Amino acid sequence: AEEAALVAPPAPLVRATKATPMHIRFKFGQLGGGKGQFNAPHGFCLGNDEDIIVADTNNHRITVFDKSGNHKFNFGVAGKEEGQLWYPRKVAVVRATGKFVVCDRGNERSRMQIFTKNGHFLKKIAVRFIDIVAGLAVTAEGLIVAVDSVTPTVFILSEEGDLMSWFDCSECMREPSDIAISGKEFYVCDFKGHCVVVFDDEGRFLRRIGCENVTNFPNGIDVSDAGDVLIGDSHGNKFHVAVFSRDGVLVTEFECPYVKVSRCCGLKITSEGYIVTLAKNNHHVLVLNTLYIV
1 AEEAALVAPP APLVRATKAT PMHIRFKFGQ LGGGKGQFNA PHGFCLGNDE
51 DIIVADTNNH RITVFDKSGN HKFNFGVAGK EEGQLWYPRK VAVVRATGKF
101 VVCDRGNERS RMQIFTKNGH FLKKIAVRFI DIVAGLAVTA EGLIVAVDSV
151 TPTVFILSEE GDLMSWFDCS ECMREPSDIA ISGKEFYVCD FKGHCVVVFD
201 DEGRFLRRIG CENVTNFPNG IDVSDAGDVL IGDSHGNKFH VAVFSRDGVL
251 VTEFECPYVK VSRCCGLKIT SEGYIVTLAK NNHHVLVLNT LYIV
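Per the UniProt record's numbering, residue 1 is the first one in the sequence shown, and the count goes up by one each step.
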């Protein structure tokens, strides 16, 4: 029965006739290397005070904006030495201290570095066991969680760099693309499996949320304070969000018909209920209003 549970498809979802339009509250960024510009940004997170923090990949820097999209500061010098940045792909924030955790390439395929809230280099964490970091998050307790997309595995590290635990999720999913943490549950987007797979903090499979034709090629996941699970994709060049209850019941869907998004990277919901995503190939950040109450 347990093996069957791993492969059993989720229950059929009841869908409304069409998704509700999301309105663009604002967007910022364009291709370039100047202030407020991006070059193929691969990841972002929300920081303290809901700052929007972008891993500006091909500019080899991290850029920090306030929640209204005003540029605050950049940090990072291009290079492979410790403290430099080389194609940073993912960024996360340690809530208690405001420190930044950054995953870039360095001399290996993946490197993890910690910077102060002002962008000063603190330390490198050796993560030779990770090929490509597809998702990065920090737990409420300050543990760093990274998911590897090449050999689907979740790694849990201390801020000091000790590997606390890890679990293989390759039997339950094909290609991780993002991760969110809510309480003791880990929500991992399965890009090629068209769903989100939920594990407990010891790596036990709990359930799947979403399915093909509803969450096609999902590339962003967040869980609201109320426990709603928001899954984002840009299949068909439109940014689409499906909202589920924690146990996987489809609540509502939104899409943004006003702008073409060829590759969304990540999804976050703010305390005011706005949805933030990064359009990598369009080189901008979108902040969307769903009129959805969190």
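Every residue gets a Cβ at the ideal spot worked out from N, C-alpha and C, and that includes glycine.
Nothing here was measured: the structure is a model prediction, and the numbers come from that model.
Here's the rule I'm using: 16 or more other beta-carbon atoms within 10 Å means buried, otherwise exposed. How should residue i be labelled?
i: Gly113; result: The question names Gly, yet the displayed sequence has Gln at residue 113. Counting Cβ neighbours within 10 Å, Gln113 comes out buried, since at least 16 surround it.
i: Arg128; result: exposed
i: Pro152; result: buried
i: Ile231; result: buried
i: Gly33; result: exposed
i: Val77; result: exposed
i: Asp168; result: exposed
i: Ala279; result: buried
i: Leu288; result: buried
i: Pro88; result: buried
i: Met164; result: exposed
Are the beta-carbon atoms belonging to residue i and residue j less than 9 Å from one another?
i: Pro218; j: Val251; result: no
i: Ala40; j: Thr63; result: no
i: His240; j: Cys265; result: no
i: Phe191; j: Phe199; result: no
i: His120; j: Trp86; result: no
For residue i, which option in the options has the closest C-alpha, if you only look at C-alpha atoms?
i: Glu160; options: Ala140, Ile125, Cys169, Ile181; result: Ile125
i: Gly43; options: Cys172, Asn281, Ala226; result: Asn281
i: Ser170; options: Asp49, Ser262, Gly203, Phe121; result: Gly203
i: Asn74; options: Cys45, Asn118, Lys123; result: Asn118
i: Lys123; options: His194, Thr290, Gly142, Glu81; result: Glu81
Along the beta strand (DSSP E) that carries residue i, what are the first and last residues, could you check?
i: Pro176; result: 176-182
i: Ile144; result: 144-148
i: Glu185; result: 185-190
i: Ala231; result: For the record, residue 231 in the displayed sequence is Ile; it is not Ala. From DSSP, the beta strand (DSSP E) with Ile231 extends over 229-233.
i: Glu82; result: Taken as a continuous stretch (DSSP letters only), Glu82 belongs to no beta strand (DSSP E), as it is neither H nor E.
i: Gln113; result: 111-115
i: Ile209; result: 205-209
Is any heavy atom of the ligand FMN found at a distance shorter than 8 Å from the C-beta of residue i?
i: Leu163; result: Judged by which ligands are present, the structure shown has none, so any question about the ligand FMN falls away.
* Meets three-Cβ-pair contact criterion under 8 Å: the region 128-137 and the region 172-192 -> yes
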